[in-house]
Ligand code: TXA
Ligand code: MG
């Protein structure tokens with residue numbers, strides 16, 4: 001299937017908004033690069049983004065919002081973070097903040113992290129689409145994994161053609177460079193990815209020097225922040241075919257349930273998209289059950305299974 005490239009007029013944007021609400025993927029222009037968008041509250045739609053990128057790994061995604069009001073429902077923004085939004089939103093500044101307790105953003109968007117990346121794009125098409133979808137939109141750059149970002153609708157079609165239900169053609173993007181990603185979890189912000197807004201411009205607003213990612217490793221509160229993966233407290237045992245009654249079980253596919261401390265099946269029907277959507281919430285729930293060990297039954301290594309296995313291996317790796 002080839003993705004349909006359509007002009008980004010009001011009729012098509014309204015149609016795209018409907019499609020997003022129905023769980024489809026839509027590629028759209030922002031002022032930086034094209035994004036491949038999904039309803040950020042729909043875990044299965046978000047899982048399809050990772051599948052579409054090819055060679056899938058679960059990197060956390062940016063959630064696109066219309067502005068501060070919508071952002072505050074999703075992330076906890078400090079006074080400093082709010083000042084930054086006043087200075088740079090809408091625009092190419094992405095803020096990484098703690099997720100709020102009640103957010104309905106899928107855990108897969110954050111790759112299991114307690115944080116979320118937020119940005120309000122400054123592009124008329126992106127903004128009209130956000131309004132039409134009536135949802136926050138998770139969207140990575142609309143390119144295949146490892147390729148350069150797409151700055152024209154034709155690049156999107158060439159790279160991930162067929163994966164998006166629709167590609168909204170808004171011409172060439174303005175910056176052609178991704179947004180600047182800034183962690184504002186702590187009082188001292190950290191530059192995680194240089195981008196369209198310069199560090200100097202941010203320093204002017206914060207009135208001091210901005211820490212760079214390399215310098216901040218020791219300061220970040222969670223060791224998972226930079227490696228960006230969620231590590232359970234429980235020991236994780238991979239490719240388990242059997243388990244002890246005091247172990248928690250992370251199952252996949254038609255696994256017969258027998259006595260366990262806790263039991264969650266990622267997808268009884270063996271659907272990798274469903275499994276991906278459930279993965280991080282399941283890991284957290286099993287961890288919270290208090291079991292000392294989680295036994296994970298095998299997940300096939302194909303398609304999204306590659307990313308699921310990658311995360312499971314990381315979560316199982318010994319940590320220092
Ligand atoms: O300009 C852009 O930012 C484009 C347009 C489409 O908005 N989007 C984009 O998304 O470049 P992506 O997925 O290609 O890059 C997202 C970046 C990655 O470097 C990712 O690690 C970081 O944001 N990120 C997202 N959530 C994070 C989190 N919770 N903690 C730390 N970093 C995060
Ligand atoms: Mg990218």
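Numbering (the working numbering), first residue to last: 1 to 320. All C-beta atoms in this analysis are idealised placements derived from N, C-alpha and C, irrespective of residue type, glycine included. As the structure is a prediction and not an experimental result, all values here were calculated from the model.
Proximity of residue i and residue j at Cβ, strictly below 8 Å
| i | j | result |
| --- | --- | --- |
| residue 321 | residue 247 | In the structure as shown, the chain begins at 1 and stops at 320. Residue 321 is therefore absent and cannot be evaluated. |
| residue 304 | residue 51 | yes |
| residue 74 | residue 118 | yes |
| residue 92 | residue 180 | yes |
| residue 238 | residue 316 | yes |
| residue 120 | residue 205 | no |
| residue 287 | residue 240 | no |
| residue 262 | residue 308 | no |
| residue 41 | residue 135 | yes |
| residue 176 | residue 8 | no |
| residue 256 | residue 243 | no |
| residue 295 | residue 264 | no |
| residue 133 | residue 61 | no |
Distance between residue j and residue i (C-alpha atoms, nearest Å)
| i | j | result |
| --- | --- | --- |
| residue 163 | residue 17 | 17 Å |
| residue 90 | residue 34 | 16 Å |
| residue 3 | residue 71 | 30 Å |
| residue 245 | residue 111 | 29 Å |
| residue 191 | residue 178 | 14 Å |
| residue 19 | residue 137 | 12 Å |
| residue 306 | residue 143 | 18 Å |
| residue 231 | residue 6 | 42 Å |
| residue 108 | residue 21 | 18 Å |
| residue 298 | residue 291 | 20 Å |
| residue 158 | residue 273 | 24 Å |
| residue 172 | residue 149 | 12 Å |
| residue 227 | residue 154 | Per-residue confidence for residue 227 stands at a pLDDT of 46, beneath the threshold of 50, marking its modelled position as unreliable; the derived number appears in the next sentence. Approximately 33 Å between the Cα atoms of the pair. |
| residue 68 | residue 310 | 34 Å |
| residue 210 | residue 183 | 11 Å |
| residue 44 | residue 23 | 8 Å |
| residue 49 | residue 32 | 19 Å |
| residue 116 | residue 195 | 18 Å |
| residue 201 | residue 37 | 28 Å |
| residue 14 | residue 39 | 15 Å |
| residue 94 | residue 252 | 35 Å |
| residue 270 | residue 207 | 53 Å |
| residue 46 | residue 102 | 19 Å |
| residue 114 | residue 122 | 26 Å |
| residue 66 | residue 168 | 18 Å |
| residue 84 | residue 106 | 25 Å |
| residue 156 | residue 147 | 11 Å |
| residue 254 | residue 268 | 5 Å |
| residue 174 | residue 141 | 14 Å |
| residue 10 | residue 152 | 19 Å |
| residue 76 | residue 97 | 6 Å |
| residue 312 | residue 59 | 14 Å |
| residue 300 | residue 203 | 47 Å |
| residue 63 | residue 236 | 30 Å |
| residue 219 | residue 314 | Legend: pLDDT at residue 219 = 48, less than 50; position of this residue unreliable, value from coordinates given subsequently. Spanning the two alpha carbons is a distance of roughly 22 Å. |
| residue 160 | residue 145 | 10 Å |
Identified DSSP bridge partners for residue i
| i | result |
| --- | --- |
| residue 7 | 169 |
| residue 183 | 96 and 190 |
| residue 26 | 37 and 166 |
| residue 137 | 39 and 64 |
| residue 176 | Looking at the DSSP assignment, residue 176 forms no beta bridge with any residue, so it has no partner. |
| residue 120 | Residue 120 pairs with nothing; no bridge assigned. |
| residue 75 | 99 |
| residue 52 | DSSP, once it has assigned bridges, lists no residue as partnering residue 52. |
| residue 211 | 190 |
| residue 198 | Answer is none; residue 198 lacks a bridge partner. |
| residue 115 | 98 |
Neighbour flag for residue i against chain C, beta carbons, 8 Å
| i | result |
| --- | --- |
| residue 64 | The structure shown contains no chain C; it holds only a single protein chain. |
Worksheet item: What are the uninterrupted segments assigned as alpha helix (DSSP H) that are 4 or more residues long and contained completely in the stretch 224-303, given in chain order?
Response: 224-227 and 272-288
Discussion item. Could you check whether the stretch 181-193 touches the stretch 75-85, counting it as contact only if at least three pairs of C-beta atoms, one from each stretch, sit closer than 8 Å?
Written reply: yes
Fill in: At least three beta-carbon pairs within less than 8 Å, the stretch 147-164 to the stretch 55-65
no
Worksheet entry | Any 3 or more C-beta pairs closer than 8 Å across the stretch 124-138 and the stretch 204-216 | Fewer than three pairs of CB atoms, one per stretch, sit closer than 8 Å, so the stretch 124-138 makes no contact with the stretch 204-216.
Worksheet item: Between the stretch 25-33 and the stretch 275-283, do three or more beta carbon pairs fall short of 8 Å?
Response: no
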